[in-house]
Amino acid sequence: MVAPITDIMEVCLLAGKVMLQSGAETYRVEDTMNRIAQACAIYEAHSYVTPTGIFLSIQGEHREAEQTKFLRISERLIDLNKIALVNDISRKLSTGNITLAEAYLNLREIDQAKPLYSTELQILCAAVASGFFSMMYGGSWLDFSFAFLTGGIGYLVYINTNKMVKVKFFSEVLASFIIGAISYFFYHLVPNSHVDKIIIGSIMPLVPGVLITNAVRDLMAGDLVSGLARSAEAFFTALAVGTGVAVILTLLSS
217 MVAPITDIME
227 VCLLAGKVML
237 QSGAETYRVE
247 DTMNRIAQAC
257 AIYEAHSYVT
267 PTGIFLSIQG
277 EHREAEQTKF
287 LRISERLIDL
297 NKIALVNDIS
307 RKLSTGNITL
317 AEAYLNLREI
327 DQAKPLYSTE
337 LQILCAAVAS
347 GFFSMMYGGS
357 WLDFSFAFLT
367 GGIGYLVYIN
377 TNKMVKVKFF
387 SEVLASFIIG
397 AISYFFYHLV
407 PNSHVDKIII
417 GSIMPLVPGV
427 LITNAVRDLM
437 AGDLVSGLAR
447 SAEAFFTALA
457 VGTGVAVILT
467 LLSS
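Quick note on the numbering used here: the sequence shown kicks off at 217 and runs consecutively.
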């Protein structure tokens, strides 16, 4: 017995929402939604995904059974674990190992689940990465320790500001501004340190690496709208990081 079209659309849209909010590429989201619809014996399904919205049109055996829905996406993070979990549910549904109702319940749990890594662990990893990036660009162990502290504080500011303001550009500008200020403080405290290595290492966790990767993959897959949109987002993220550092360097050098 074929499930109602509305139920199938709810599962498809929920799967697409979780994947898109977790940083999945456009073509992967569309492919997953289409596969879920095909697994439910849908006659024809069309999905169109952008970084901020999902369109889904499903047609039953009769033309009059066609339905179209739109879902707005406002929050986008990076959570590859959720993407993998949704892909796993899609495969199980395609092979008949779970029912549509079970898939919906599992997707709801994934959607409501907290990130796999806690905020404290993310900050610690950002601090460690900052330290090693400073050394990779020619810094010393002294620069490592300063970049460790600076990168951790900067990422802490970024996360907390993003929660309060909900404006990613402002959060990135403020975080990079704080990073520049703390780096200069350590430089004046210990003249043997290298302020450029500390700043470069500390801002690396803010660099939009996943955004750039997804933008290139979307463009290569032919999703021009999504590719250009992600490219613009990556550009403004890099601009925000550069602006914060440039402002503090200008103020301190004047």
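Think of the CB as a built atom: it goes at the ideal place given N, C-alpha and C, for glycine as much as any other residue.
Buried or exposed by the 16-neighbour rule on C-beta atoms within 10 Å, applied to residue i
i    : result
D223 : exposed
H404 : exposed
Y333 : exposed
G232 : buried
L321 : exposed
L390 : buried
R324 : exposed
G438 : exposed
R242 : The sequence shown places Thr at residue 242, not Arg. Per the 10 Å Cβ criterion, buried.
G269 : exposed
D434 : buried
A246 : Checking the sequence shown, residue 246 turns out to be Glu, not Ala. Classification of E246: buried, given that the 10 Å Cβ count is 16 or more.
S469 : exposed
A343 : buried
V265 : buried
L440 : exposed
T248 : buried
L467 : exposed
L337 : exposed
Nearest candidate by alpha-carbon position, reference residue i, set the options
i    : options                   : result
V177 : G370, F271 and S238       : The structure shown does not extend to residue 177, since the chain spans only 217 to 470, so no value can be given for it.
G417 : F385, I294, I369 and V463 : I369
D327 : E282, L230 and T248       : L230
Y259 : V265, E291 and R251       : R251
V406 : E241, W357, L467 and A261 : W357
L365 : K330, M352 and F401       : F401
V411 : T248, L465 and E336       : L465
R244 : A261, H262, F385 and N303 : N303
Beta-carbon proximity list for residue i, same chain, < 8 Å, skipping 5 on both sides
i    : result
M420 : A345, S346, F349 and G367
L316 : A219, D223, I224, V227, C256 and L309
A329 : K298
V432 : G443
T335 : I375
Residue i and residue j closer than 8 Å at C-beta
i    : j    : result
S399 : I414 : yes
G460 : G396 : yes
I274 : A253 : yes
L372 : I339 : yes
A456 : I428 : no
S306 : F362 : no
T284 : L272 : yes
M351 : F360 : yes
P424 : A454 : yes
Spatial neighbours of residue i in its chain, beta-carbon cut-off 7 Å, leaving aside the 5 residues before and after
i    : result
V381 : S387
V463 : F393
A319 : V227, I305 and L309
G458 : none
Cβ-Cβ separation, residue j to residue i (assumed contact under 8 Å), whole Å
i    : j    : result
I314 : L236 : Not a contact, Cβ separation roughly 22 Å.
Y374 : L296 : So it is not a contact: roughly 19 Å between Cβ atoms.
S447 : P267 : Not a contact, Cβ separation roughly 10 Å.
N376 : K384 : Rounded, the Cβ-Cβ distance is 13 Å, inconsistent with contact.
Beta-carbon contacts of residue i that lie in its chain and below 6 Å, excluding the five residues immediately before and after
i    : result
I299 : M235, S238 and A240
F261 : A small correction: the amino acid at residue 261 is Ala; Phe does not occupy that position in the sequence shown. Excluding sequence neighbours, A261 sits near N250, A253 and I274.
M217 : Residue placement at M217 cannot be trusted, given a pLDDT of 48 that sits under 50; the coordinates are not used to answer.
N430 : E241 and R446
CB contact check: residue i to chain D, cutoff 8 Å
i    : result
V461 : Among the chains of the structure shown, chain D does not appear; only one protein chain is present.
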